[in-house]
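Step one of this worksheet: look at the structure below.
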Amino acid sequence: MANEKKAVEQITSMEEDFAKWYTDIVKKADLIDYSSVKGCMIIRPYGYAIWENIQRILDGRFKELGHENVYMPMFIPESLLNKEKEHVEGFAPEVAWITMGGSERLTERLCVRPTSETLFCEHYKNIIRSYRDLPKLYNQWCSVVRWEKTTRPFLRSREFLWQEGHTMHATAKEAEEETIRMLNVYATFFEQDLGMPVLRGQKTDKEKFAGAKATYTVEALMHDGKALQGGTSHNFGDGFARAFDIQYLDKDNTLKYCHQTSWGVSTRIIGGIIMTHGDDRGLVLPSAVAPIQVVIVPVQQHKEGVLEAAEALKDRLSSVCRVKIDDSDNSPGWKFAEYEMKGVPVRIEIGPRDIESRQCVLVRRDNHEKQFVSLDGLEERVLAELDALTKALYEKASANRAKRTFTATDLATLQEIAAKESGYIRAMWCGELDCELELKEKADVSSRCIPFDDQEPISDTCVCCGKKAKHLVYWGKAY
RNA sequence: CUGGGUGUGGCGCAGCUGGUAGCGCGCUACCUUGGGGUGGUAGAGGCCGCAAGUUCAAGUCUUGUCACUCAGACCA
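Residues 368 to 846, numbered by the working numbering, are exactly what the first sequence covers, in order.
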């Protein structure tokens with residue numbers, strides 16, 4: 368249809384070129400603009416509003432669980448960063464350094480935080496004395512800098528926004544519980560609020576965070592079959608505590624090292640939302656984080672009573688959701704396309720015909736079906752549709768994941784699948800780094816995670832070396 | 001970091017064998033139209049990424065450089 372075609376001609380089709388489709392969307396939905404520094408993006412009001420919604424929801428959940436927000440400096444002296452060996456080795460290659468202050472050369476250079484473990488450790492050492500001081504449950508919302516070679520809006524930028532929780536506990540058991548608890552907070556947020564199914568699981572040693580004892584992850588699968596690590600939760604054991612000498616005096620009057628966790632999600636989530644739910648008309652936003660949940664488009668708005676009726680609807684709906692009315696001079700068709708591009712979950716059209724029959728037209732972003740809806744009880748109906756939309760997105764994404772999840776019990780099959788398909792490949796693994804490297808080399812896949820909820824062995828031997836298998840691993844290509 | 005692509009009004013592009021810049025969209029004003037990007041009239045807006053060089057003359061040729069972008073390698 369000519370009109371259909373016209374509505375989508377502004378963005379590249381995702382089938383044609385997924386990468387270009389993605390950049391088209393981030394630009395044309397007004398999420399970001401590029402800045403004059405490579406890899407540093409300007410997050411525009413509409414994009415930032417999505418982040419604010421993510422922040423508000425997660426921040427509330429963190430606080431319900433007893434976490435407090437703090438703010439740490441953005442600079443880390445080199446000597447402080449160097450205290451934990453594995454950690455510094457992991458991050459050193461992508462750290463940005465400050466060497467000058469005004470016109471003076473600094474005696475010790477400062478790194479711009481790539482993550483704040485060391486800063487938290489320095490502070491915790493000063494404030495933790497007794498078991499009564501534990502646990503310490505701190506979180507901060509901030510930006511961090513990692514000097515990436517290749518950058519993409521939201522997915523990999525040199526500066527990005529995130530939250531990083533850093534907690535200190537008396538025992539290893541408590542630290543492990545906190546690590547899993549926060550992983551579950553993320554998993555729930557992804558699945559219920561963002562409509563994104565995730566795999567909860569553990570990273571292999573190769574993929575885990577520098578300095579961590581164990582790294583857990585929620586992995587999401589994008590529409591094109593590539594995986595995206597959505598959030599991470601690390602258990603540090605007492606490794607950093609030993610490096611920074613963070614001890615407390617326990618009830619039994621002996622000094623003990625603290626056990627530590629950290630966990631984070633970043634603006635990368637927004638990239639994940641785009642690549643999971645978006646379509647050829649543009650962005651599709653899950654209701655919970657959509658800056659505009661309902662857009663009201665008046666039709667024949669110059670006619671008597673139309674704008675007034677639209678305004679009245681807006682007033683009513685404002686009490687239950689985020690609603691906008693577009694009374695600009697643009698034609699209705701223009702507005703339809705515009706708000707589809709921006710991923711607004713629900714559109715309501717109201718014109719003279721509707722007013723006469725006390726109804727309006729309601730169209731959901733995910734299925735585009737026009738429904739004639741009575742104005743009575745509209746608030747409840749809209750809330751139900753917002754909820755149904757997120758659930759429908761979840762179902763659709765789950766179906767995509769199911770379609771793209773494969774199983775291999777021998778190397779040849781795994782290679783064949785990896786070459787032909789895009790998605791997860793379930794396969795047994797012996798636990799050796801060599802096999803991970805070999806699979807990368809031979810099939811160009813990396814281990815995404817050892818999933819918690821899918822460990823029923825599919826064979827006894829490692830898919831790569833044939834030795835006794837330890838875990839079922841999801842393999843794939845990742846962003 | 002390696003390899004490709006691209007830099008020309010805000011955006012997308014044209015500009016051939018060198019001769020002093022053009023189209024579409026958008027923007028501004030007014031009118032018109034309005035249930036899937038409505039049509040019209042009149043306007044505003046560019047030292048062609050940057051720097052050297054060749055030439056009487058460079059958007060166009062040469063060299064260098066910077067940026068963006070895609071695909072790898074590396075990472076949230």
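The beta carbon of each residue, even a glycine, is placed where N, CA and C say it ideally should be.
Subject >> Cβ neighbours of Met589 in the same chain (closer than 8 Å, five flanking residues each side left out) >> reply: Close CB contacts of Met589 within its chain, under the 8 Å cut and outside five residues either way in sequence, are with Leu595, Gly639, Met642, Thr643, Tyr846 (chain order).
**OP:** Decide yes or no for the touch test of the segment 665-675 against the segment 615-623: beta carbon pairs closer than 8 Å, at least 3 of them.
**Re:** Per the Cβ contact rule, the segment 665-675 is not in contact with the segment 615-623 (fewer than 3 Cβ pairs under 8 Å).
Subject >> N- and C-terminal bounds of the alpha helix (DSSP H) containing Trp529 >> reply: No alpha helix (DSSP H) contains Trp529, which is instead part of the beta strand (DSSP E) from 526-536.
**OP:** Between the Cα of Glu526 and those of Thr474, Arg635, Asn506, spot the shortest distance and give me the residue it belongs to.
**Re:** It is Arg635.
Original post:
Does the Cβ-Cβ distance between Val656 and Ile421 come in under 8 Å?
Top reply: Yes.
Original post:
Pro712 by DSSP, collapsed to three states: which one?
Top reply: Pro712 falls in the coil class under three-state DSSP.
Original post:
Are the Cβ atoms of Leu561 and Val585 separated by less than 8 Å?
Top reply: At a Cβ-Cβ threshold of 8 Å, Leu561 and Val585 do not count as neighbours.
Subject >> Lys844 and Asp811 closer than 8 Å at C-beta >> reply: Yes; because the gap between Cβ atoms is below 8 Å, this pair is in contact.
Original post:
Is it buried or exposed for Trp388, if we count other Cβ within 10 angstroms and need 16 for buried?
Top reply: Answer is buried; the Cβ neighbour count reaches 16.
Original post:
Which residue spans inside the segment 723-778 form an unbroken beta strand (DSSP E) run of at least 3?
Top reply: Residue ranges of uninterrupted beta strand (DSSP E) with 3 or more members, entirely inside the segment 723-778 and ordered along the chain, are 726-731, 737-741, 772-774.
Original post:
For Lys623, which three-state DSSP category applies?
Top reply: Three-state DSSP puts Lys623 in a strand.
Original post:
Which same chain residues, not among the five before or five after Ser524, have their C-beta less than 7 Å away from its C-beta?
Top reply: Once the five neighbours on either side are set aside, the close Cβ partners of Ser524 are Gly406, Cys407, Met408, Thr518.
Subject >> The alpha helix (DSSP H) enclosing Gly604, as first and last residue numbers >> reply: Note, Gly604: premise wrong, no alpha helix (DSSP H); beta strand (DSSP E) at 594-604.
Subject >> Limits of the unbroken beta strand (DSSP E) element including Gly477 >> reply: Checking the displayed sequence, the identity of residue 477 turns out to be Leu instead of Gly. Note, Leu477: beta strand (DSSP E), 471-479.
**OP:** Verify whether the separation of the beta carbon atoms of Ser686 and Leu753 is less than 8 Å.
**Re:** Cβ distance not < 8 Å, so Ser686 and Leu753 don't count as in contact.
Subject >> Straight-line gap, Gly433 to Lys593 (C-alpha atoms, nearest Å) >> reply: In a straight line, the C-alpha of Gly433 is about 35 Å away from that of Lys593.
Original post:
Using CA coordinates, which residue listed in Leu448, Glu574, Ile392 is at the minimum distance from Leu800?
Top reply: It is Glu574.
Original post:
So what's Lys503 in DSSP terms, helix, strand or just coil?
Top reply: In this structure, Lys503 counts as strand in the three-state DSSP scheme.
Original post:
In three-state DSSP terms, what is Glu586?
Top reply: DSSP, read as helix, strand or coil, puts Glu586 in strand.
Original post:
According to the neighbour-count rule (16 or more other Cβ atoms, all chains shown, within 10 Å of its Cβ), is Pro824 buried or exposed?
Top reply: It counts as exposed.
**OP:** Kindly list the residues whose CB is nearer than 6 Å to the CB of Lys373, restricted to its own chain and excluding five residues on each side of it in sequence; keep chain order.
**Re:** At Lys373 the pLDDT is 38, less than 50, meaning the model places this residue with poor confidence and gives no usable figure here.
Original post:
How is the beta strand (DSSP E) around Ala676 delimited, first residue to last?
Top reply: For Ala676, there is no enclosing beta strand (DSSP E); the residue is part of the alpha helix (DSSP H) that begins and ends at 673-685.
Original post:
For Gly843, does the three-state DSSP call read helix, strand or coil?
Top reply: Note: Gly843 maps to strand in three-state DSSP.
**OP:** Taking only the alpha-carbon atoms, compute the straight-line gap between Glu376 and Lys395 and give it to the nearest angstrom.
**Re:** Note on Glu376: pLDDT 49, under 50, position unreliable in the model; no value is reported.
**OP:** Have a look at Ile443 and Glu475 and give me their C-alpha separation to the nearest angstrom.
**Re:** The straight-line gap from Cα to Cα measures roughly 10 Å.
**OP:** Pick out whichever of Glu435, Val664, Ile424 has its Cα sitting closest to the Cα of Thr555.
**Re:** Considering only Glu435, Val664, Ile424, the residue with the shortest C-alpha distance to Thr555 is Ile424.
**OP:** State the Cα-Cα distance for the pair His669 and Ile817, rounded to the nearest angstrom.
**Re:** Approximately 60 Å, taken between the alpha carbons.
Original post:
With 16 other CB atoms within 10 Å as the buried threshold, where does Tyr841 fall?
Top reply: Counting C-beta atoms within 10 angstroms of its own C-beta, Tyr841 has 16 or more neighbours from the protein chains shown and is therefore classed as buried.
**OP:** Decide if the segment 506-520 is in contact with the segment 539-552; the criterion is three or more beta carbon pairs, one per stretch, under 8 Å apart.
**Re:** At 8 Å Cβ cutoff, the stretches do not touch.
Original post:
Hey, would you say Pro665 sits closer than 8 Å to Asp694, going by beta carbons?
Top reply: Contact: yes.
**OP:** Return the Cβ separation of Met381 and Asp647 in integer angstroms, given the expectation that the two are a contact with Cβ distance under 8 Å.
**Re:** Yes, Met381 and Asp647 are in contact; Cβ-Cβ is about 6 Å, under 8 Å.
**OP:** Check whether the segment 777-797 touches the segment 604-611, counting contact only when three or more Cβ pairs, one atom from each stretch, lie closer than 8 Å.
**Re:** Cβ pair count under 8 Å is below three, so no.
Subject >> Val730, buried or exposed, once every other Cβ within 10 Å from all chains shown has been counted against 16 >> reply: Per the 10 Å Cβ criterion, buried.
**OP:** State yes or no: is the C-beta of Glu543 within less than 8 Å of the C-beta of Ser629?
**Re:** No. Outside cutoff.
Original post:
Is the Cβ-Cβ distance between Cys478 and Glu445 less than 8 Å?
Top reply: A distance below 8 Å separates the beta carbons of Cys478 and Glu445.
**OP:** Quick one: grab the DSSP three-state call for Ala836.
**Re:** Note: Ala836 maps to coil in three-state DSSP.
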